[in-house]
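First the structure, in the form of C-alpha cells, and then the observations on it.
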Amino acid sequence: MARGTERSGYDRALAIASLIVLSFTLYCVVPKVVDGTGATGLDFSCFWSAGKMALDGHAATAYDWPQLRQLILQIHPSLNLAPYPVYEVPIPFFYPPVFFFLAGLLALLPYPTAFWIWSSAKLLCWALVVSAIRPRFAALLVAFAVPAVLYDFIVGQSSLLAASLLGVILLTLDRRPIVSGFLIALLIFKPQYGVLLPLVLIATGRWVVVITASLVIPVLMLLAGLTFGWGTFEGFREAAVFATTQFHLTGTLAWYKLQSVYGVLRFAGFGYGSAMALHIAVAAAAAMWGVIIWRRNVSFAVKAASLLVATLLVSPYFAIYDTAILALALIFLMNEPMAEHGSLLSNRSELRIGFGVLVLAGFTYPVALVPVGPFMCATVIAMIWIRCRQPGVKSDLAYG
Numbered sequence: 288m289a290r291g292t293e294r295s296g297y298d299r300a301l302a303i304a305s306l307i308v309l310s311f312t313l314y315c316v317v318p319k320v321v322d323g324t325g326a327t328g329l330d331f332s333c334f335w336s337a338g339k340m341a342l343d344g345h346a347a348t349a350y351d352w353p354q355l356r357q358l359i360l361q362i363h364p365s366l367n368l369a370p371y372p373v374y375e376v377p378i379p380f381f382y383p384p385v386f387f388f389l390a391g392l393l394a395l396l397p398y399p400t401a402f403w404i405w406s407s408a409k410l411l412c413w414a415l416v417v418s419a420i421r422p423r424f425a426a427l428l429v430a431f432a433v434p435a436v437l438y439d440f441i442v443g444q445s446s447l448l449a450a451s452l453l454g455v456i457l458l459t460l461d462r463r464p465i466v467s468g469f470l471i472a473l474l475i476f477k478p479q480y481g482v483l484l485p486l487v488l489i490a491t492g493r494w495v496v497v498i499t500a501s502l503v504i505p506v507l508m509l510l511a512g513l514t515f516g517w518g519t520f521e522g523f524r525e526a527a528v529f530a531t532t533q534f535h536l537t538g539t540l541a542w543y544k545l546q547s548v549y550g551v552l553r554f555a556g557f558g559y560g561s562a563m564a565l566h567i568a569v570a571a572a573a574a575m576w577g578v579i580i581w582r583r584n585v586s587f588a589v590k591a592a593s594l595l596v597a598t599l600l601v602s603p604y605f606a607i608y609d610t611a612i613l614a615l616a617l618i619f620l621m622n623e624p625m626a627e628h629g630s631l632l633s634n635r636s637e638l639r640i641g642f643g644v645l646v647l648a649g650f651t652y653p654v655a656l657v658p659v660g661p662f663m664c665a666t667v668i669a670m671i672w673i674r675c676r677q678p679g680v681k682s683d684l685a686y687g
C-alpha cells in the first residue's frame, strides 16, 4: 500500500506543507487587498487603460507611454508618491495588437470589476489546467501555494493565463493537434512563452500542429489590424524597442527583477555585451537540451517539464510571476513515477525539494532583492535529470 502510494505521486506531507504556505499567504495578503493598502492591479491597470484607448478608437496611442500614463494615474493616483514614481519607472504596454481583443473586452467594465473578473478567470483557468494534468487535490494545493501565483495576482499580470494556456497546449498536443495549434496561435499575446514550441514541434514531426498555428496566427493579426488599425503594429514595434532599452540596456528596471540568466549577470556587474553573450549560450544549450529530451524515449511528463523550464531559460526577460511555469512542471512530474530501484531520490523527496525551492526562493526574492529564477530553473532541471537517468521507466502516451 505504501509503495502504491509512493508511485502514485501522493504525498500527505507535501499537501500539508502546501496548505500551510497557502494559508499563511492568504492571511498576510487578504487584509491588504480588502482595505486597499495592497495597491493591487498595477500591471492590470496598464491592460485596462490600453483597452479603454482601443474602445475609444485610438488603440495605437496605447503604445505611447506619456498618454497611457495619464489613464493609469487616474486609476492609481498615488503612484507618483511611491518610492519609484511611475514617471521614473514606466510600465509601458508592449503586447501585440491581438491582445486588444481581450483588453478591450475588459475595458467595457469598470476598472475594479474588470480586475476581479480578470483575476478570477486566471485562477479558474489555472485550477482547471492543473486538475487536467493531475486530478488530485494535493496538486491544486501545490500549484496555488507557489509564490508566483501570489505575485501574478497582486499586480494583475497575464503570466498565469499564459502558463495555463501553455499547459493546455501540451495536454492537447497529440490527441487534439488542431486544437493545440489554435491555442499556440492564441499564445502570441505572450510570445516568449512559445518560442521553443516550433523547434520541438518540427523536431518531433508534429506537422498538423505546426500548420494549424501557422494558418491561425496570420488570421489573428489580420483581424487585429482591421479592427484596431494597422498603426498598432508600428506602435507595438516602437514599444518593444522602448521596453528593450528600458529593461535590457539602461537598467531603468532594477536588475534583480529580471529572473533570467541575463538578469543575474547584469545584477552581478557584467556589461550588456558579455551578459547577453553568456545568456545566449545558456539559451542555446537549454533549447538543444529540450529538443533532445523530446526526441528521447521518456515519458510525456518529463518532456513537458523540460519544455517548460527551457522556455524560461531562453527568455532574457522574465519576472518572478513567470515562475508559475515551474510549478506547472512540478505538476507534470507528479505523474511520472520513479523506478523502484536505482533512483537517486524517491519521488516524494524530489518533489518536496522542488516545491521547497520554489517557495523559499520565491519568498526570498522580495526580501533579499536578488534574482532567483535561474536557481529555481536549475532545481527543476536536476529533477528532470534524475528522472531521465532512472532505469525501468518507459515512455507513455501524451495526455489529453
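Take 288 as the starting number for the sequence shown in this note's numbering and just add one per residue. Glycine is no exception: its CB is placed at the ideal position from the N, C-alpha and C atoms.
Beta-carbon contacts of residue i that lie in its chain and below 6 Å, excluding the five residues immediately before and after
i           : result
residue 328 : 402, 443
residue 640 : none
residue 534 : 540, 604
residue 310 : none
residue 312 : 437
residue 522 : 347, 350
Beta-carbon proximity list for residue i, same chain, < 7 Å, skipping 5 on both sides
i           : result
residue 427 : 414, 417, 418
residue 302 : 425, 428
residue 412 : 448, 451
residue 577 : 483, 487, 593, 594, 597
residue 591 : 457, 619
residue 601 : 482, 483, 570, 573, 574
residue 623 : 586, 588, 589, 674
residue 616 : 592, 595, 596, 667
residue 391 : 338, 341, 342
residue 648 : 659, 662, 663
As assigned by DSSP and simplified to three states, the class of residue i
i           : result
residue 639 : helix
residue 477 : coil
residue 327 : coil
residue 344 : coil
residue 383 : coil
residue 605 : coil
residue 443 : coil
residue 400 : helix
residue 378 : coil
residue 460 : coil
residue 555 : coil
residue 629 : Confidence at residue 629 is low in this model, with a pLDDT of 48, below 50, so its placement is unreliable and no value can be given for it.
residue 406 : helix
residue 365 : helix
residue 589 : helix
residue 395 : coil
residue 272 : Here the chain covers residues 288 to 687 and nothing more, so residue 272 does not appear.
residue 594 : helix
residue 455 : helix
residue 470 : helix
residue 295 : For residue 295, the predicted structure reports a pLDDT of 46, less than 50, and the residue's modelled location is therefore unreliable. A value from the coordinates is still provided. Of the three classes helix, strand and coil, the one that applies to residue 295 here is helix, per DSSP.
Residue span of the alpha helix (DSSP H) that contains residue i, given as start and end
i           : result
residue 361 : 352 to 362
residue 425 : 424 to 432
residue 668 : 660 to 676
residue 577 : 559 to 582
residue 421 : Taken as a continuous stretch (DSSP letters only), residue 421 belongs to no alpha helix (DSSP H), as it is neither H nor E.
residue 487 : 484 to 490
residue 620 : 611 to 621
Same chain, Cβ closer than 8 Å to residue i, five either side skipped, listed in chain order
i           : result
residue 538 : 553
residue 464 : 493, 495, 496, 499
residue 512 : 384, 519, 520
residue 644 : 662, 663, 666
residue 544 : 550, 606, 607, 658
residue 252 : This structure does not reach residue 252, given that the chain is present from 288 up to 687, and the question cannot be answered.
residue 566 : 547, 548, 549, 552, 603
residue 404 : 393, 396
| query | What are the uninterrupted segments assigned as alpha helix (DSSP H) that are 4 or more residues long and contained completely in the stretch 493 to 546, given in chain order? | reply | 494 to 515, 518 to 531
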